[in-house]
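Trainee: In my numbering, the protein residues as written are -16 to 246.
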Amino acid sequence: MLDTKLLHFSVDDVIVSFKQLTETNPISIFEIPLFGYLKKMHEKYGVVVSCYCFYTCGDFTLSNATRLYKQEFENNSSWLKFSFHGYTGRENYEEQDLKMSQRQFQEVICNLKEIVGPSSLDSFARIHTFQASYDFVCFLAQNGDYSLKGLLSADDSRISYSLSKCDNAQLKLDGWFQSDGLALLKTTQRFDSLRPSSLKRLFVGGQVLLFTHEWIFYPQQDFKLAVRAKLIRLLMNIVFRFYKKENYYNVFPIEILKYKVNG
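#1: Is the separation between the beta-carbon of LEU185 and that of VAL234 shorter than 8 angstroms?
#2: With DSSP as the reference, label ALA137 as helix, strand or coil.
#3: Go to ASP205, then tell me how far its alpha helix (DSSP H) extends in each direction, as first and last residue.
#4: Does the Cβ-Cβ distance between GLY133 and LEU165 come in under 8 angstroms?
#5: Alpha carbon to alpha carbon, how far is SER46 from ASN94?
#6: Please state whether the Cβ-Cβ distance between VAL31 and VAL(-6) is less than 8 angstroms.
#7: Count the other C-beta atoms from every protein chain shown that fall within 10 angstroms of the C-beta of CYS36, then say buried if there are 16 or more, exposed otherwise.
#8: With a threshold of 7 angstroms on Cβ separation, who are the neighbours of ARG141 within its own chain once the five nearest residues in sequence on each side are excluded?
#9: Between the C-alpha atoms of ILE(-2) and THR39, what's the straight-line distance to the nearest angstrom?
#10: Under DSSP, the alpha helix (DSSP H) around VAL99 begins and ends at which residues?
#11: For a minimum of 4 consecutive residues, which ranges assigned as the alpha helix (DSSP H) are wholly contained in the segment -5 to 80?
#12: Below 8 angstroms on the Cβ atoms is my guess for LEU(-10) versus TYR242; work out the distance and round it to an integer in Å.
#13: Would GLY100 be called buried (16 or more neighbouring beta carbons within 10 Å of its own) or exposed?
#14: Can you confirm whether the segment 3 to 14 touches the segment 76 to 84 when touching is taken to mean that 3 or more C-beta pairs between the two stretches lie within less than 8 angstroms?
#15: Which residues share a DSSP beta bridge with GLN172?
#16: Using three-state DSSP, classify ALA124 as helix, strand or coil.
#17: How should CYS34 be labelled, buried or exposed, when 16 other C-beta atoms within 10 angstroms of its C-beta is the threshold for buried?
#18: Excluding the five sequence neighbours on either side, which residues of its own chain have a C-beta within less than 8 angstroms of the C-beta of LEU123, listed in chain order?
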């Protein structure tokens, strides 16, 4: 199993792209910077992508988002999927009232179903800051409308999703952990904090889960942020070029879970 070369890529905090799609009404979703860039990476490197979404951005919400591109999203669902990340980005799902957390999850998922179509929904999610109470995790596993198969856990030393220290250590050691009906997969690396000197540690085989954030695909007024975004995109291309050369399989998290379980 450790020699099985599997790669997953995801983008967190996705909401601005739906706002732009709604406001500009383009001919294709791929005229939107994020979706256009992801398509280029898919065509060039075979990358498959999960976009983990917020519900709101200022006055804009997913309920305001256009439904006119549902078919185009579904036509590309073999490599581009969407799921829950949070509501505004300010929630702490470990401490927040359970009913409010449930409502927010359902609002995101129900609207995504209408915007991108059921076939475009990912069976995994990454919750903002990797925080979720035990009861919320149980709800996510048992929700009748849309039951997740798993969550993507932290790429750093943080405790993920209310695990005990012992269970969190086991997750980091094995790369996955079964928790209350949901599988947790350890995230390997965020591109936002990757340094060129650290690239080698990503090139050792096995299963790799990488991610970044939506903001890097859009122009930044702050010079330092603009340079940082450009560097992150450059590193992404270097990494994905390597993985293509090394014949990695580009898959969604559910396929990585199958290898972890059945390996």
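Yeah, the Cβ is synthetic: ideal placement off N, Cα and C, and Gly gets one too.
Predicted model only: the values in this text are computed from it and were never measured.
Mentor: On the basis of the coordinates in this document:
#1: no
#2: coil
#3: That residue, ASP205, is in no alpha helix (DSSP H); it is neither H nor E in DSSP.
#4: yes
#5: 6 angstroms
#6: no
#7: buried
#8: PHE113
#9: 7 angstroms
#10: 81 to 99
#11: -1 to 7, 16 to 28, 53 to 58
#12: That belief does not hold up - the Cβ atoms of LEU(-10) and TYR242 are roughly 12 angstroms apart, past 8 angstroms.
#13: buried
#14: no
#15: LEU193
#16: helix
#17: buried
#18: PHE88, ALA108, ALA115, SER130, LEU131, LEU134, LEU165
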